[in-house]
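**Q** Residue numbers for the sequence shown, in the UniProt record's numbering: 1 to 227. The beta-carbon is built from N, C-alpha and C at its ideal position, and this holds for glycine as well.
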Amino acid sequence: MTQTDRDDLARRVRVAARALGRHGLAHAYGHCSARIDAERFLVCPPQPMGLVAPGEACTVVPVSGPLPDGVLGEVRIHQEIYRNRPAVGGVARFMSPKMMALAALGRSPKARHGFGAYFAPEPPLWDDPQLVRDDAKARGVFAAMGDARAVLMRGNGAVTAGDTLEEAIVLAWYLEDACRIELEALAAGLADAPPTFSAEGANERATKAGRIFERMWDFLTAGDPEL
């Protein structure tokens with residue numbers, strides 16, 4: 001990767017971080033990253049994502065080994081995902097309100113609408129509310145996640161993984177909306193009732209065609225100072 005490419009990747013990471021903050025998907029806590037190559041990825045600055053400044057330096061993190069000084073401890077989760085899923089190009093760790101409420105109940109959203117179909121039949125849950133600040137817990141989160149697009153952590157947010165950074169950010173928005181639907185179903189007393197997507201229906205609906213991800217990325221990043 002050339003320096004120009006690295007600079008562009010850092011810009012995309014900053015844009016992604018601010019998008020999560022701007023749309024209420026993250027507050028003081030959370031982080032996002034993009035893969036550089038098989039051995040390294042780039043993570044956003046260790047501060048509230050909505051406050052990341054244009055041009056602010058991101059940090060190169062090894063896929064294996066100790067975290068560099070200043071990198072937030074839960075970035076270990078990113079390491080586990082990049083190391084074990086070579087097709088993943090971007091990861092987001094966030095604490096959006098509806099998802100936090102549902103995960104705190106030890107529940108995960110079922111595939112009830114179009115955005116939920118991307119996580120069918122439902123995203124896995126890591127049933128531990130503690131911070132993930134050691135390698136053993138990071139391995140546990142990844143073991144729960146497996147090949148899924150997202151994993152919820154009981155009382156401690158969620159992680160999404162996409163083929164690209166942009167995809168991971170869009171999936172964060174989709175997951176929050178799926179959790180909104182689930183909470184409304186619970187409030188209505190209908191959470192255990194159909195309909196939900198069949199496996200075949202979810203696979204058909206969870207499409208990337210028609211610039212599905214690109215259009216949501218455009219919406220989430222509109223007005224960003226580095227675009």
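Please list the terminal residues of the continuous alpha helix (DSSP H) segment that includes Arg-6.
**A** Locating residue 6 in the sequence shown gives position 6, where the first residue counts as 1. From DSSP, the alpha helix (DSSP H) with Arg-6 extends over 3 to 22.
**Q** Since Val-159 and Val-75 should fall inside the 8 Å C-beta cutoff, what is the C-beta to C-beta distance between them, to a whole number of angstroms?
**A** Locating residue 159 in the sequence shown gives position 159, where the first residue counts as 1. Locating residue 75 in the sequence shown gives position 75, where the first residue counts as 1. Not really, about 11 Å apart at Cβ, beyond 8 Å.
**Q** In three-state DSSP terms, what is Arg-149?
**A** Position 149 of the sequence shown, counting from 1, holds the residue named residue 149. In this structure, Arg-149 counts as coil in the three-state DSSP scheme.
**Q** Assuming the contact rule is C-beta atoms closer than 8 Å, His-31 and Val-43 should be a hit. Round their C-beta distance to whole Å, please.
**A** Indexing the sequence shown from 1 puts residue 31 at position 31. Indexing the sequence shown from 1 puts residue 43 at position 43. His-31 to Val-43, Cβ: 6 Å. Contact.
**Q** Using DSSP with H/G/I as helix, E/B as strand and the rest coil, what is Gly-89?
**A** Translated into the one-based positions of the sequence shown, residue 89 becomes position 89. Three-state DSSP puts Gly-89 in coil, outside helix and strand.
**Q** Give the straight-line distance between the Cα atoms of Ala-57 and Arg-139, rounded to the nearest whole angstrom.
**A** Position 57 of the sequence shown holds residue 57. Position 139 of the sequence shown holds residue 139. Using only the alpha carbons, I get a separation of about 28 Å.
**Q** With which residues is Ser-33 paired in a DSSP beta bridge?
**A** To locate residue 33, count along the sequence shown from 1; it is residue 33. Val-43, Val-91, per the DSSP bridge assignment.
**Q** With DSSP collapsed to three states, give me the class of Ala-120.
**A** Mapped onto the sequence shown, residue 120 falls at position 120. Coil at Ala-120, not helix or strand.
**Q** On a Cα-Cα basis, can you pick out the residue from Val-88, Ala-117, Pro-86, Glu-182 that is closest to Ala-101?
**A** As a first step, residue 101 must be located in the sequence shown, where it is residue number 101. When each option's Cα is compared against that of Ala-101, the closest is Glu-182.
**Q** Please classify Thr-4 as buried or exposed, where buried requires at least 16 neighbouring CB atoms within 10 angstroms.
**A** One-based indexing of the sequence shown puts residue 4 at position 4. Result: exposed.
**Q** Across which residues does DSSP place Gly-162 in a beta bridge pair?
**A** Within the sequence shown, numbered from 1, the residue matching residue 162 stands at position 162. Gly-90.
**Q** Within 8 Å, do at least three Cβ pairs link the region 23 to 42 to the region 162 to 170?
**A** Yes, the region 162 to 170 touches the region 23 to 42.
**Q** Where does Pro-97 fall in DSSP's three states?
**A** Stepping through the sequence shown from its first residue, residue 97 is reached at position 97. Correct three-state label for Pro-97: helix.
**Q** Relative to the C-alpha of Ala-136, which candidate in Ile-77, Gly-21, Met-216, Thr-2 has its C-alpha closest?
**A** Position 136 of the sequence shown, counted from the first residue, corresponds to residue 136. When only C-alpha atoms are compared, the closest one is Ile-77.
**Q** Rounding to the nearest angstrom, what Cα-Cα distance links Ala-19 and Thr-221 in this structure?
**A** What you label residue 19 is simply residue 19 of the sequence shown in a count that begins at 1. What you label residue 221 is simply residue 221 of the sequence shown in a count that begins at 1. Cα to Cα, the separation comes out at about 5 Å.
**Q** Just verifying my parser: in three-state terms, what is the DSSP assignment at Thr-196?
**A** Numbered from its first residue, the sequence shown carries residue 196 at position 196. In this structure, Thr-196 counts as coil in the three-state DSSP scheme.
**Q** Taking C-beta to C-beta, are Arg-133 and Gly-73 nearer than 8 Å?
**A** Against the sequence shown, residue 133 aligns to sequence position 133. Against the sequence shown, residue 73 aligns to sequence position 73. Cβ distance < 8 Å, so Arg-133 and Gly-73 count as in contact.
**Q** Just confirm the distance between the C-beta atoms of Ala-148 and Leu-125, as a whole number of angstroms; I'd bet it's less than 8 Å.
**A** In the sequence shown, counting from the first residue as 1, residue 148 sits at position 148. In the sequence shown, counting from the first residue as 1, residue 125 sits at position 125. Not quite, the Cβ-Cβ distance comes to about 10 Å (not below 8 Å), so this is no contact.
**Q** Looking at Pro-46: is its Cβ nearer than 8 Å to the Cβ of Val-71?
**A** Mapped onto the sequence shown, residue 46 falls at position 46. Mapped onto the sequence shown, residue 71 falls at position 71. Yes.
**Q** With DSSP run on the structure shown, which of helix, strand or coil describes Val-61?
**A** For the purposes of this step, residue 61 is taken as residue 61 along the sequence shown, with counting starting at 1. The answer is strand: DSSP assigns Val-61 an E or B state.
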